[in-house]
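Same order as they appear, the protein sequences are chains A and B. Our numbering applies: residue 1 is where the first sequence begins, and numbers increase by one. Our numbering applies: residue 1 is where the second sequence begins, and numbers increase by one. So the structure is just underneath, and the comments pick up after that.
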Amino acid sequence: MAYPKRFDGRAWDEPRPMEAKVGVVPRADGSAMFRIGNTVAIAAVYGPRDLHPKFMQNPETGILRCDYNMLPFSGHGDRVKPGGGRRAREIGMVMENAIRPVIDLKDYPNTVVDVFVDLPQTDAGTRCAAITAAAMALADAGIEMKELPAAVAVGRVSDKFVVDLNYDEEAHEDGAADIPVAMLPRSGKVTLLQMDGDIQPADLKKVLQMAHKAIIKINEVQKAALKARFADK
Amino acid sequence: MTETIHIKDKTIAVPGETLAEGMSVLPGAGTYRDGDAIVCSRLGLASVEDKVIKIVPMSGVYTPKLGDHIIGKVTDILLSGWRVETRSPYSAVMNTKDAVTDFIPRGANLAEYFALGDHIVIKIVNITSQHLVDVTMKGPGLMKLQGGRIVEVSAAKVPRIVGRDGSMIQMIKDATGCEIIPGQNGWIWIKGKPQGEILAIEAMRAIEREAHLPGLTERMKAWLTQHAKR
């Protein structure tokens, strides 16, 4: 069985409808919400602040710490076990790796910048939404960053190459490849590249180009949200 | 030399945004050069002065700077001084000799001078490369705060609340009848009649919200005269 048309009627290279808002958590130093289709990520940034336990402190630079958390009711009916697990730890780590290249905390030795991302509603592409929201929240917190990273999943569904897979596409019966990509929109550098499924090497290059185009679109949404925070009332 | 400045003066710039192109334009604070282009590296208000482009930050936590007058909170008593929270990633140390003129014998109870939880107006006198901060209370206007209340505002907005040569804060003081001491770290001490205190807090919140919009002084003057009469 082939995949003649996307389940939700989108074009092959079209990301789901996006929405972004900055400053959603008043008590945080910076915060942002990012929604792409039915996936919602809320990011809150605290810091740079004092880091404890003390053995984690680095006297040469501040460190970045990301926490990824799917809320128990966020998925497809099954309760997600709270408190984090193997998967949440891994995604926290890949988020740190995706964001660290753009930020410089050398001016803040012995400190930490904490990024907490909660996902109240999920429909695949959560790590990408989390990175996109975290980037906006970090900018809102006044952290110096070379670019605003953004992320999107690309891949193969049955015989077609698509951008921004939703859960139904990831679970297609003919098999799928889900490739989350985080990129810096200005330079086109890749800071996250993972893959679940299989794809031909030549096709991978093709979908990465699709990803870059989508990431530029996402970046426009990020920029607009950051500017809207200070718009005239 | 060809140059193009993409950003308008006094508009919001976002990290990764190309602000200008051409080697004759210079990158200031909050920007960096990438080839021909000048790129924004932090969220804030762009300021174009001649050929220099810089970003005035609108958010971010306070970082101690030499010579700043701040309001601190005593969090610990050390062998010969006090540890002071500065509302920044780094706490400060105030030595006894920088705090009081009295002779303090060895083993004296330092809590008699400053107890845990006291708020004090202090000045930053030294910062090391690892951000060990020394503060003093010897100087005009530096003292222990008695009564009143502390308001928390964003440290990036304090310069707007104070105004040029303190014009804005003087306006609030006159309209509300409160004593106000602003700390550069975003802690502001207010003491006055309850009605006046509430009005002063509201005024500061309004400035915080509209700090980046032009004509702030005029608007605040109108707002204060309108509300002070009630």
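The beta carbon of each residue, even a glycine, is placed where N, CA and C say it ideally should be.
* **Exposure label - B:R42; buried when at least 16 CB within 10 Å** => B:R42 counts as buried, since no fewer than 16 other beta carbons sit within 10 angstroms of its beta carbon.
* Asked: Would the beta-carbon of A:G47 fall within 8 Å of that of B:P89?
  -> Yes.
* Asked: Is the segment 88-107 of chain B touching the segment 115-122 of chain A, taking contact as three or more C-beta pairs under 8 Å?
  -> Too few Cβ pairs lie closer than 8 Å, so no.
* To do: Please determine, among B:G215, B:S167, B:A46 and B:V158, the residue with the shortest C-alpha to C-alpha distance to B:W189.
  => Ranking the options by Cα distance to B:W189, first place goes to B:V158.
* To do: Since I believe B:E179 is in contact with B:G192 (beta carbons under 8 Å), could you give me their beta-carbon distance rounded to a whole number of angstroms?
  => The Cβ separation is near 6 Å, so the contact holds.
* To do: With a floor of 3 residues, list each beta strand (DSSP E) that falls wholly inside the segment 178-224 of chain B, ordered by position along the chain.
  => Runs of the beta strand (DSSP E) inside the segment 178-224 of chain B: 179-182 and 187-191.
* Proximity winner among A:Q194, A:I199 and A:N166, relative to A:P17 (alpha-carbon distances) -> With distances taken between Cα atoms, A:P17 lies closest to A:N166.
* Would you mind listing the beta strand (DSSP E) stretches within the segment 44-89 of chain A that are 3+ residues and don't spill past its ends, in chain order? => 63-70, all fully within the segment 44-89 of chain A.
* Asked: Short check: CB of B:T176 to CB of B:L199, under 8 Å?
  -> Between B:T176 and B:L199, the gap from beta carbon to beta carbon is short of 8 Å.
* Spell out whether any CB of chain A is found under 8 Å from the CB atom of B:V74. => Chain A, which has no Cβ nearer than 8 Å to the Cβ of B:V74, makes this no.
* Hey, out of A:G197, A:G30, A:G62 and A:D164, whose CA is closest to B:Q130's CA? -> For the residues A:G197, A:G30, A:G62 and A:D164, the minimum Cα distance to B:Q130 belongs to A:G62.
* Asked: Secondary structure at A:Q200, three-state DSSP: helix, strand or coil?
  -> In the three-state reduction of the DSSP assignment, A:Q200 falls in the coil class.
* Minimum Cβ-Cβ distance from A:G188 to chain B less than 8 Å -> For A:G188, the answer is no, since every Cβ of chain B falls outside 8 Å of its Cβ.
* Mind checking if B:V61 is an interface residue toward chain A, Cβ cutoff 8 Å exclusive? -> Yes, its Cβ sits closer than 8 Å to a Cβ of chain A.
* What residues from the segment 68-86 of chain A come within 8 Å of chain B, judged by C-beta to C-beta, listed N to C? -> Cβ contacts with chain B: none found.
* According to the Cβ coordinates, are B:A39 and B:E17 closer than 8 Å? -> Looking at the sequence shown, residue 39 of chain B is not Ala but Val. Yes, the pair counts as a contact, with Cβ atoms nearer than the cut-off.
* Asked: According to the Cβ coordinates, are A:V115 and A:A137 closer than 8 Å?
  -> The answer is yes: Cβ separation under 8 Å.
* **Contact the segment 64-80 of chain B vs the segment 111-129 of chain B: 3+ CB pairs below 8 Å** => Using a C-beta cut-off of 8 Å, the segment 64-80 of chain B makes contact with the segment 111-129 of chain B, since at least three inter-stretch Cβ pairs fall below that distance.
* **Beta bridge counterpart(s) of B:S47 as assigned by DSSP** => Answer is B:K54.
* To do: For B:I207, decide whether its Cβ has a neighbour in chain A, counting only Cβ atoms nearer than 8 Å.
  => False, the Cβ-Cβ gap to chain A never drops below 8 Å.
* Asked: Using a beta-carbon distance below 8 Å, is A:K146 in contact with chain B?
  -> Judged by the 8 Å Cβ criterion, A:K146 is in contact with chain B.
* Name the two residues that bound the continuous alpha helix (DSSP H) containing B:A175. => Segment S167 to T176, the alpha helix (DSSP H) holding B:A175.
* Asked: Mapping DSSP to helix, strand and coil, what is A:M248?
  -> Within the shown structure, residues of chain A are numbered from 1 to 233, placing residue 248 of chain A beyond reach of any answer.
* To do: Please report the residue range of the alpha helix (DSSP H) in which B:T128 lies.
  => From DSSP, B:T128 is part of no alpha helix (DSSP H); its letter is neither H nor E.
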